[in-house]
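Visitor:
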Amino acid sequence: MAAQSKTSPGSGSIALSEVAHVSNLARLGLTEEELVKLAAQLELIVAAVGKLSQADVSGVEATAQVGQARNVTRPDQVAPGLSAAEALANAATTEAGFLRVPAIQ
Amino acid sequence: MSLLEEPIRELGRRLREREISAVELAQAALARIEAVDPAVGAFLRVTPELAMEAAVAADRTLATDPGGAAALCGIPVAYKDLICTKGVETTAASRILEGFVPPYSATVVERLAALGAVPLGKLNCDEFAMGSSNENSAYQITRNPWDLERVPGGSSGGSAAAVAARLACATLGSDTGGSIRLPASFTGVVGVKPTYGRVSRYGLIAFASSLDQIGPLTKTVEDAALVMTAISGRDPRDSTSVEAPLDGFLEDLHRGVEGLRLGVPREYLEVGIEPGVRKVFDQAVSSLERMGAVVEEVSLPSTEFALSAYYVIAPAEVSSNLARMDGVRFGPGFAGAKNLREAYETARHQGFGEEVRRRIILGAYALSSGYYDAYYLRAQQVRTLVARDFEQAFAKVDAIVSPTAPTAAFRLGERTADPLAMYGTDVLTLPANLAGISGISVPAGFAAGLPVGLQVLGPYLGESICFRIAHSVETESRLWQQLPPVAGLAG
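Top to bottom, those sequences are chains A and B. Counting from 1, position 83 in the first sequence corresponds to residue 83 in the numbering used here; the numbering is continuous, with no gaps. Counting from 1, position 83 in the second sequence corresponds to residue 83 in the numbering used here; the numbering is continuous, with no gaps.
Below you can see the structure in the form of structure tokens.
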């Protein structure tokens, strides 16, 4: 999508094409009707969270994770895990110990 | 009095003294579920065979080594359907996981099983825990035991309703923005949101990984502290879990509130608190003052931005976490799809409900190029401000008290058409998730016949102070002894 067609952050208006684009990226398979409804709701929600633009965050670091844990590592040791049969037990289709899916094209 | 109406410590005493058996207790719970749950709808599935098996094993332990038996040995519990249980279908209340039978159990389930707790089944919730009313479950409605025309709150609504109707002694839920505390408040039970990292998330189906915590819902604060003692602690399978002493969980309960400094956040009372809820809150504060607490006003100035930050950060994590729900490794699949894209789209379109779609789109939008700085980055910066607010407040006070939610339980269907109104339900609970601190909701009174909770927030790893304050409130009110009308169905 061309950058020019994007709506400006916090403006509260979202183009249907943008919702369709994001839905496509997320592989949601939405119908035209569902997209129209979602776009209207998203517009309201995005306008509401647009309040963030009023917060004074100059010089404030971003927090992605709270707590004290930093770079937790452990020795790379072999340990018992699921068997292939257990790991595949919930799959819709399998073949010869593999997951089976339709071809890409 | 039904066995299920008794606190865990009393049941434990009776079990150890062999006055009652774990099998009798399990049978009593299963009979109550059969009599009462058709009206409430808390359980998605009941596991009587597993319950009886565990009860028989618990009786063996209790007979051979009553002194060594754990406090939860023989105690009936149940799990939110977001928590994986080996061999028992786990759906997250979503169609996309229909038929999913986990090959492993969550750490919390393993820990309770090892202590001899008796698993009754899986509890309804909002789909992938996204919601505040349980109305987003793909399978069924859960009703509030105090008024069957009202919601139990969410997303751990089944977990709360089951305890409120006395169908289980304790349940586990998960709290990402208030999903334990809110339904606890709406149904008149105790609900704990532990410090981030206090309880292992291994085996919890991820909603927003940086915010999610598993916690207990129980009748009393002591029951909650008992369950927290059992499930807390470092787990090598969750690298964000922390090893921290459980000092004071049970030992400090009875110490009272004399001399404790409690802060009431000015901004929390400005969000449109219903008059009936405000009245209950003011009475609870007066009662704490009478018991010797020193109450003062504090300020959490970033509160006005917290809701917005949450509804950017949580959906952003959703859009990423739920990418794994593609119909390939679990779920009903993608019958008839011609190619891989169609397979994904078929599975996800048929599998996800409206709210989940909404949050995936919102999250993907906030993370997309051109909007990242304005929404996601800025929300994370606001998250820092929210955490700083709490740090500054806790430099002055020992704990913070507020209403758990601006309203009591609302009517079924009242907010389903308006996502923003539903999101606003969490305004007083979600700041604690953003900051990662500890909190609890304890019943404080009634507004027009509906339960109202008091929220107590403590600092990072400050659960014991929350328990102590909540226990004082509970000791004074004795509210846990009041039963909802629907409990009468048990006969």
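For every residue, glycine included, the Cβ atom is placed at its ideal position computed from N, Cα and C.
Looking at the unbroken beta strand (DSSP E) that takes in T384/B, where does it start and where does it end?
Guide: Taking the second sequence and counting its residues from 1, the one referred to as residue 384/B is at position 384. Counting along the chain, T384/B falls outside any beta strand (DSSP E), though it belongs to the alpha helix (DSSP H) covering R378 to K396.
Visitor: Excluding sequence positions up to five away, which residues of its chain have a Cβ less than 8 Å from the Cβ of A409/B?
Guide: Locating residue 409/B in the second sequence gives position 409, where the first residue counts as 1. Only N144, W146, D147, R150, V151, P152, G153, F186, T187, L450 and P451 meet the Cβ criterion.
Visitor: Which residues, taken in chain order from the stretch 53-84 of chain A, show a beta carbon closer than 8 Å to some beta carbon of chain B?
Guide: Flagged, chain order: S53, Q54, A55, V57, V60, E61, A62, T63, A64, Q65, V66, G67, Q68, A69, V72, R74 and L82.
Visitor: Short of 7 Å in beta carbon distance, which residues of its chain neighbour G68/B, apart from the five on each side in sequence? Order them along the chain.
Guide: Position 68 of the second sequence, counted from the start, is the residue given in the question as residue 68/B. Here the set comprises nothing.
Visitor: If you drop the 5 nearest sequence neighbours on each side, which residues of the same chain put their C-beta closer than 7 Å to that of K86/B?
Guide: Counting from 1 along the second sequence, the entry for residue 86/B is found at position 86. Only P102, P103, Y104 and S105 meet the Cβ criterion.
Visitor: Bridge partners for E445/B per DSSP, in chain order?
Guide: Working through the second sequence from its first residue, we reach residue 445/B at position 445. Per the sequence shown, residue 445/B should be read as Gly rather than Glu. Its beta-bridge partners are V452/B.
Visitor: Look at V57/A and S308/B and say whether their C-beta atoms are less than 8 Å apart.
Guide: Mapped onto the first sequence, residue 57/A falls at position 57. Mapped onto the second sequence, residue 308/B falls at position 308. No, they are not a contact pair.
Visitor: With DSSP run on the structure shown, which of helix, strand or coil describes Q4/A?
Guide: Numbered from 1 along the first sequence, position 4 holds the residue referred to as residue 4/A. The pLDDT assigned to Q4/A is 36, lower than 50, so where the model puts this residue is not dependable, and the model offers no usable value.
Visitor: For a contact meaning CB atoms closer than 9 Å, what does R358/B contact in chain A?
Guide: Stepping through the second sequence from its first residue, residue 358/B is reached at position 358. By Cβ distance, chain A contributes L38, Q41, L42 and I45.
Visitor: Can you tell me whether DSSP reads G488/B as helix, strand or coil?
Guide: One-based indexing of the second sequence puts residue 488/B at position 488. Helix, per DSSP.
Visitor: In chain order, what residues of the stretch 364-392 of chain B put their CB closer than 7 Å to some CB of chain A?
Guide: Within the stretch 364-392 of chain B, the residues whose Cβ lies closer than 7 Å to some Cβ of chain A are A364, Y365, S368, G370, Y371, A374, Y375, L377, R378, A379, Q380, Q381, V382, R383, T384, L385 and A387, listed in chain order.
Visitor: Would a C-beta distance cut-off of 8 Å place V386/B and P406/B closer than the cut-off?
Guide: Stepping through the second sequence from its first residue, residue 386/B is reached at position 386. Stepping through the second sequence from its first residue, residue 406/B is reached at position 406. The answer is no: Cβ separation not under 8 Å.
Visitor: In whole angstroms, what is the alpha-carbon distance linking Q4/A and A40/A?
Guide: Here the question's residue 4/A lines up with position 4 in the first sequence. Here the question's residue 40/A lines up with position 40 in the first sequence. Annotation note: pLDDT 36 at Q4/A (below 50); position unreliable, coordinate value reported separately. Spanning the two alpha carbons is a distance of roughly 21 Å.
Visitor: Buried or exposed: where does A71/A fall if 16 or more other Cβ atoms within 10 Å of its Cβ makes it buried?
Guide: For the purposes of this step, residue 71/A is taken as the residue at position 71 of the first sequence. The amino acid occupying residue 71/A in the given sequence is Asn; Ala does not appear at that position. Exposed is the call here.
Visitor: Measuring only the C-alpha atoms, how far is L54/B from V46/B?
Guide: Counting from one through the second sequence, the residue named residue 54/B turns up at place 54. Counting from one through the second sequence, the residue named residue 46/B turns up at place 46. Correcting the residue type first, residue 54/B is Ala in the shown sequence and not Leu. In a straight line, the C-alpha of A54/B is about 14 Å away from that of V46/B.
Visitor: On the CB-based measure, 16 or more other CB atoms within 10 Å of its CB, does M524/B come out buried or exposed?
Guide: Outside the modelled stretch of chain B, which goes from 1 to 491, sits residue 524/B, for which no answer is possible.
Visitor: Given a limit of 9 Å on CB to CB distance, which residues of the stretch 175-195 of chain B reach chain A?
Guide: Correct list: T195.
Visitor: According to the Cβ coordinates, are T176/B and A78/B closer than 8 Å?
Guide: Locating residue 176/B in the second sequence gives position 176, counting from the first residue. Locating residue 78/B in the second sequence gives position 78, counting from the first residue. Contact flag unset, no.
Visitor: If the cut is a Cβ gap below 8 Å, which residues of chain B does L28/A touch?
Guide: By 1-based counting over the first sequence, the position of residue 28/A is 28. Here the neighbours are E345, R348, H349, F352, R357, I360 and I361.
Visitor: Measure the CB-CB distance between A495/B and L62/B and report whether it falls below 8 Å.
Guide: Coverage of chain B is limited to positions 1 through 491, which leaves residue 495/B absent and any answer about it impossible.
Visitor: Going straight from the alpha carbon of L44/A to that of A20/A, what length do you get?
Guide: Mapped onto the first sequence, residue 44/A falls at position 44. Mapped onto the first sequence, residue 20/A falls at position 20. Cα-Cα distance, rounded: 17 Å.
Visitor: Would you check whether the ligand SAH has a heavy atom nearer than 7 Å to the C-beta of F186/B?
Guide: Although the ligand SAH was asked about, the structure shown includes no ligands whatsoever.
Visitor: Distance cutoff 8 Å, beta carbons only. Does S17/A sit that close to anything in chain B?
Guide: Position 17 of the first sequence, counted from the first residue, corresponds to residue 17/A. For S17/A, the answer is no, since every Cβ of chain B falls outside 8 Å of its Cβ.
Visitor: How would you write the range of the alpha helix (DSSP H) that P419/B sits in, first residue to last?
Guide: Taking the second sequence and counting its residues from 1, the one referred to as residue 419/B is at position 419. Start and end: P419 to G424.
Visitor: When the Cα atoms are used, what is the spatial distance from L454/B to E342/B?
Guide: Translated into positions along the second sequence, residue 454/B becomes position 454. Translated into positions along the second sequence, residue 342/B becomes position 342. Rounded to whole angstroms, L454/B to E342/B spans 49 Å at the Cα level.
Visitor: Can you tell me which of the three DSSP states A71/B falls into?
Guide: Mapped onto the second sequence, residue 71/B falls at position 71. Of the three classes helix, strand and coil, the one that applies to A71/B here is coil, per DSSP.
Visitor: Using a Cβ-Cβ cut-off of 8 Å, state whether R329/B counts as contacting chain A.
Guide: On the second sequence, position 329 is the one that residue 329/B refers to. Chain A, which has a Cβ nearer than 8 Å to the Cβ of R329/B, makes this yes.
Visitor: Cβ of E86/A less than 8 Å from any chain B Cβ?
Guide: Locating residue 86/A in the first sequence gives position 86, where the first residue counts as 1. Output row for E86/A: interface = yes.
Visitor: Taking V295/B and E289/B to be in contact with their CB atoms under 8 Å, please state how far apart those CB atoms are, rounded to whole angstroms.
Guide: The residue you call residue 295/B lines up with position 295 of the second sequence. The residue you call residue 289/B lines up with position 289 of the second sequence. About 5 Å; that satisfies the 8 Å criterion.
Visitor: Nearest CA to the CA of S397/B: which residue from G445/B, I141/B, L300/B and K80/B?
Guide: If you number the second sequence from 1, residue 397/B lands on position 397. The displayed chain sequence assigns Val, not Ser, to residue 397/B. Ranking G445/B, I141/B, L300/B and K80/B by Cα distance to V397/B puts L300/B first.
Visitor: For a contact meaning CB atoms closer than 8 Å, what does Y311/B contact in chain A?
Guide: Here residue 311/B is taken as the residue at index 311 of the second sequence, counted from 1. The contacting residues are I45, A48 and V49.
Visitor: In whole angstroms, what is the alpha-carbon distance linking E19/B and E222/B?
Guide: Taking the second sequence and counting its residues from 1, one reaches residue 19/B at position 19. Taking the second sequence and counting its residues from 1, one reaches residue 222/B at position 222. Whole-angstrom Cα-Cα distance: 22 Å.
Visitor: How many Å lie between L182/B and G351/B at the Cα?
Guide: For the purposes of this step, residue 182/B is taken as the residue at position 182 of the second sequence. For the purposes of this step, residue 351/B is taken as the residue at position 351 of the second sequence. One C-alpha to the other measures close to 27 Å.
Visitor: Using the DSSP secondary-structure output, state which residues sit across from P403/B in a beta bridge.
Guide: Here residue 403/B refers to the residue found at position 403 when the second sequence is read from its first residue. Answer by DSSP bridge pairing, in chain order: L454/B.
Visitor: With a cut-off of 8 Å, do at least 3 Cβ pairs link the stretch 262-272 of chain B to the stretch 477-486 of chain B?
Guide: Touching, no.
Visitor: Counting only beta-carbon separations shorter than 8 Å, does A96/A have a partner in chain B?
Guide: Start at 1 with the first residue of the first sequence, and residue 96/A comes out as number 96. Not closer than 8 Å to any Cβ of chain B, the Cβ of A96/A fails to qualify, so no.
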